[in-house]
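Q:
Numbering (this note's numbering), first residue to last: 1 to 182.
#1: Note down, in chain order, each residue of its chain lying with its Cβ closer than 6 Å to the Cβ of residue 158, except the 5 sequence neighbours on either side.
#2: Name the one or two DSSP bridge partners that residue 71 has.
#3: In whole angstroms, what is the alpha-carbon distance linking residue 79 and residue 71?
#4: Which residues in the same chain as residue 63 place their Cβ atom closer than 7 Å to its Cβ, once the five residues preceding and following it in sequence are excluded?
#5: At which residues does the beta strand (DSSP E) containing residue 86 begin and terminate?
#6: Leaving aside the five residues before and after residue 68 along the sequence, list all residues of the same chain whose C-beta is less than 6 Å from its C-beta, in chain order.
#7: So is residue 140 buried or exposed if we call it buried at 16+ other beta carbons inside 10 Å?
#8: Nearest chain D C-beta to residue 28 closer than 8 Å, yes or no?
#9: Does the separation of the CB atoms of residue 92 and residue 101 fall below 8 Å?
This is how it looks when you write it as structure tokens:
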């Protein structure tokens, strides 16, 4: 039935031949540039540990022989001891989420490796056998969307045990606007 696959055809004691086009030899390392040869590094400093041996504890330093003046992006200057360590470089993949997905295929590949939460189909777009909001000659819920707390699963969709619904009007709107400004 069918062709015998290559692993079964090989038999016992077959000689393994490696690919000849693969490079053989010692590992090739990146050559050191001028700064690395002479003891200084050039790059974007992302972190400075203020106190050597501890993590980001801001402290007043007294009695240190060697001090380094650091100008921060905010414009302020700080003096830290030269024993402090700094992290040079940027985190890989920064700004990945800022690019728009643009098409459904990209969203498919994004969520394929995460969890089954895409695509999200609205309840009003379904049939009445699939969702309480489904059905009708045009897409509308057809009844109040609030539902009681002890509703059985399958019926418990919409605004569950809502204290209030609708627009904020009057005094409630004023307090909400004040909270948004603060």
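For every residue, glycine included, the Cβ atom is placed at its ideal position computed from N, Cα and C.
A: In short, the structure shows the following:
#1: 145 and 147
#2: 77
#3: 9 Å
#4: Unreliable placement is indicated for residue 63, whose pLDDT of 44 sits below 50; no coordinate value is reported for it.
#5: 86-88
#6: 80 and 82
#7: exposed
#8: Structure shown: chain D not included; a single protein chain is present.
#9: no
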